[in-house]
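Okay, so the sequence shown: first residue is -10 according to the numbering used here, each after it adds one. Every residue gets a Cβ at the ideal spot worked out from N, C-alpha and C, and that includes glycine. None of the values given here were measured: they were computed from a predicted structure.
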Amino acid sequence: MARLVIVSNRVAMPRERASRAGGLAVALKESLQQQGGLWFGWSGEVADTPDPAPRRARQGRIDYAVLDLTPEEHKGFYLDFANGILWPLCHYRLGLIEFRRSAWESYLAVNARFAEQLVPQLRPDDIIWIHDYHFIPLAAELRRRGVQNRIGFFMHIPFPAPEVLAALPGHDRLVRDLCAYDLVGFQTRGDVRALTEYILHEAEGTVIGNTSTEDVRVSAFGRDLRVGAFPIGIDTADFAQLAAHEAGSDETQRLSESLVGRSLVIGVDRLDYSKGIPQRFEAFHQLLGSRPEHRGKVTFMQIAPISRGEVAQYRKLRSELDGLTGRINGKFAEFDWMPVRYLNKAFARNSLAGFYRHAKVGLVTPLRDGMNLVAKEYVASQNPADPGVLVLSRFAGAAREMKGALIVNPYDTEHIADALHRALIMPLEERRQRWEAMMAVLRVNTIAHWRETYLAALQAEGHPPQVLDAAGR
Ligand code: GDG
């Protein structure tokens, strides 16, 4: 079997603490372990004079090779371009973007530098799988250096519609670089459609075959490639088992006692403006305002570990949520009831599983989200005999699969408040039916299924390698 090379932005070396490793990191590691492979990417560290060559380590059948960023690269490539421009662009938040040519140049230069360092590590039959928006140009940079291997890309976040993408100076170069891959994988059919439309209408490309709207073969910039939807999942059985076990843990018991019989509504998100957290708080505020029967009977707990705290927009979001928490609690709290519990910290995965299981409602209302794994984890954690209800944004990729959820428009806070009310009073029979429908999907679309389907599709891309010309076209 060919060796697998995975490239991702943040690579944890084997000696780093694995306890916080998410499901994705575990799944990728498993495939490297099975197949033998190399994990290449950013170390997460910033150094004034980084070693030009990667730092290496080996564990089992996995080789690790990581590079540090310079302070200028960390700012230009990572903070300003990846997080400050691509992230809001792909989440349809054009108003948050401040385009700077220096950031774009830094993004391209870091991709070129990473390609330069990856080339000597490669073997002719390696299969290369590159992850996420930090590394869109990497395949084109590798091709320019003569790499003819099969190269796949998976985009974890949404791919914007052509008219949104076109707001980015350099959008044409970005799409041309995407076409250097053999397989471009997205979370949903909508993302596939967005890239296909761009290729058809902006890049003079053509569709040369499609087996469905989720699986299209296109030709553009002198290459042909496959564009497909591969919705990511979780380790469903493992999460369900963990949650069942955690139901009896000290921590879950303490949570339960602290609620003194009240229903729990839970939200869990990195503190990010794409997650729609202020709108969710507003919706809870409206629920208490318009339906007094829930006052004193429901507690909303939002877990929101701080992420990208160095970026101004994230600091602004924090202060907005601090204000909303104070306003809601100030208005409705009683001496023995605090409506909102807002926690700016991370919890261990097993604690989260126990909390999800205890919650009557999982409130997942991103304004835009590639998939959203919290929605899936919440469902997998439920007690089959008495499951809770998922309230889910229509703009999360997960809404395509989680048909048993109460689907809401996350901008319409009254709609969310109505859905919350409906979830809180929903009869057991309906909760069971909805939950069963979602679990049936989650049992099949697991993270292992995602990884295997993607890699099988990449391996099947057997057409002869196509070499870009000297100009990279
Ligand atoms: C990107 C895309 C796509 C959260 N708080 C804690 C904690 N978490 C874990 C959750 C979940 C993960 O982080 C978050 O995953 P999401 O999918 O919800 O969101 P992003 O981080 O934005 O991920 C997204 C994903 O990539 C995968 O392709 O679904 O659309 O934006 O697993 O449980 N984990 C722990 N403590 C916390 O406090 N241990």
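query, result
"In or out: Q455 buried (at least 16 other Cβ within 10 Å) or exposed?", "Because Q455 sits at a pLDDT of 45, beneath the cut-off of 50, its placement in the model cannot be relied upon, and the following sentence gives the value as read from the coordinates. That one is exposed."
"To the nearest angstrom, how far is it from the Cα of L457 to the Cα of R(-1)?", "Below a pLDDT of 50, predicted positions are generally treated as unreliable, and L457, at 43, falls in that range; the measurement from the model is reported next regardless. Approximately 28 Å between the Cα atoms of the pair."
"For a quick check, are the C-beta atoms of M428 and V368 less than 8 Å apart?", "yes"
"With distances taken Cα to Cα, identify the nearest neighbour of I74 among I188, Y96, A104 and R178.", "Y96"
"Using only the heavy atoms of the ligand GDG, determine whether one of them is closer than 7 Å to the beta carbon of D224.", "no"
"Would you call the region 312 to 332 and the region 101 to 116 touching, i.e. three or more CB-CB distances under 8 Å?", "no"
"With a threshold of 8 Å on Cβ separation, who are the neighbours of R304 within its own chain once the five nearest residues in sequence on each side are excluded?", "G298"
"Measure the alpha-carbon distance for T404 versus Q268 and round it to whole angstroms.", "Reading off the sequence, residue 404 comes out as His, not Thr. C-alpha separation (whole angstroms): 11 Å."
"Enumerated in chain order, which unbroken segments of the alpha helix (DSSP H) with a length of 4 residues or greater are wholly contained in the region 220 to 251?", "225 to 235 and 239 to 248"
"If you run the structure through DSSP and keep just helix, strand and coil, what is N199?", "strand"
"Give every residue of the same chain whose Cβ lies closer than 6 Å to the Cβ of A388, excluding the five residues on either side of it in the sequence, and list them in chain order.", "L381 and I396"
"Rounded to whole angstroms, how far is the Cβ of M360 from the Cβ of P220, which I believe are closer than 8 Å?", "6 Å"
"Let me know if M(-10) comes out buried or exposed under the rule of 16 or more other beta-carbons within 10 Å of its beta-carbon.", "exposed"
"Residues bridged to T288 by DSSP?", "L253"
"Counting pairs of Cβ atoms below 8 Å between the region 259 to 275 and the region 231 to 239, do you hit three or more?", "no"
"Which residues in the same chain have their Cβ closer than 6 Å to the Cβ of A335, if we skip the five residues on either side of it in sequence?", "P294"
"Of all the options W76, E366 and L131, which has the alpha carbon lying nearest to the alpha carbon of A101?", "L131"
"Under 8 Å between the Cβ atoms of S263 and L127?", "no"
"Please report the residue range of the alpha helix (DSSP H) in which N318 lies.", "A301 to F321"
"Taking 8 Å as the cut-off, does the region 147 to 158 touch the region 21 to 37 (at least 3 CB pairs, one atom from each stretch)?", "no"
"If you count every other CB in all the chains shown that lies within 10 Å of the CB of D114, and 16 or more means buried, which is it?", "exposed"
"Answer yes or no: do G463 and I436 have a C-beta to C-beta separation smaller than 8 Å?", "A query on residue 463 cannot be resolved here, the shown segment of the chain reaching from -10 to 462 and no further."
"Going by the C-beta, is E390 closer than 7 Å to any heavy atom of the ligand GDG?", "no"
"Can you tell me whether A236 sits near the ligand GDG, meaning its C-beta is under 7 Å from at least one heavy atom of the ligand?", "no"
"At a cut-off of 7 Å, would you count L341 as near the ligand GDG, judging by its Cβ distance to the nearest heavy atom?", "yes"
"Which residue comes first and which comes last in the alpha helix (DSSP H) that contains S340?", "R338 to H347"
"For D261, which residues of its own chain have a beta-carbon under 8 Å away from its beta-carbon, when the five flanking residues on both sides are left out?", "S296, R297, Y303 and L306"
"Name, in chain order, the residues that DSSP records as bridge partners for F29.", "V(-4) and A54"
"Between which two residues does the beta strand (DSSP E) harbouring Y331 extend?", "V329 to L332"
"Compute every distance between the C-beta of R338 and the non-hydrogen atoms of the ligand GDG, then say whether any falls below 7 Å.", "yes"
"For the structure I just gave you, are there three or more beta carbon pairs, one from the region 397 to 417 and one from the region 196 to 211, closer than 8 Å?", "no"
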